[in-house]
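As structure tokens, the structure follows; a few thoughts come after it.
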Amino acid sequence: MNAKRAKKLMQIARHYGEEKQVCKLVEELGEATSAASEVLMRLSFREDGGKGIDLQARLEHLAAELADVQNVAEQVIMLFGLEVDFKVARMEGIDRTLQRIGEETQCDTV
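With positions in the sequence shown counted from 1, the corresponding number in the numbering used here is that position plus 4.
See below:
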């Protein structure tokens, strides 16, 4: 994250404080979950009539909700000093997923 963006996010985070921003994170996560569910329903829908147009609108909504989640999550990370923990957990999650993919690939070849 660049310094200018971090400064703006920290200004917002300090204004609202820890409790309000954690509540806001819960709210934004719920909205993103709902938007992702809409995309999933559209992807699962088998009729072609207008699917592409409706899917695009739902994807744009999902992008907006994910942006809100990322902004508030970064504020919470800064407020609680979780930058290092977050980076470590993020890399561990990536490594676990890649390991699982490797194991699945080995099972497929057996």
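Glycine residues also receive a C-beta, built at the ideal position from the N, C-alpha and C atoms. Bear in mind that the values here come from a model prediction, so they are computed numbers and not experimental data.
Asked: Look at N75 and L33 and say whether their C-beta atoms are less than 9 Å apart.; Found: no
Asked: What are the boundary residues of the alpha helix (DSSP H) that L47 is part of?; Found: A7 to S48
Asked: Go ahead and pull the three-state DSSP assignment for G85.; Found: coil
Asked: Pick out whichever of R46, R9, E87 and D99 has its Cα sitting closest to the Cα of R62.; Found: R46
Asked: Is the distance from the Cβ of L29 to the Cβ of V73 below 9 Å?; Found: yes
Asked: Return the CA-CA distance between I105 and R94, expressed in angstroms with no decimal places.; Found: 17 Å
Asked: The ligand NAD and R100: does any heavy atom of the ligand fall closer than 8 Å to the residue's C-beta?; Found: In terms of ligand content, the structure shown is empty, and the ligand NAD therefore cannot be addressed.
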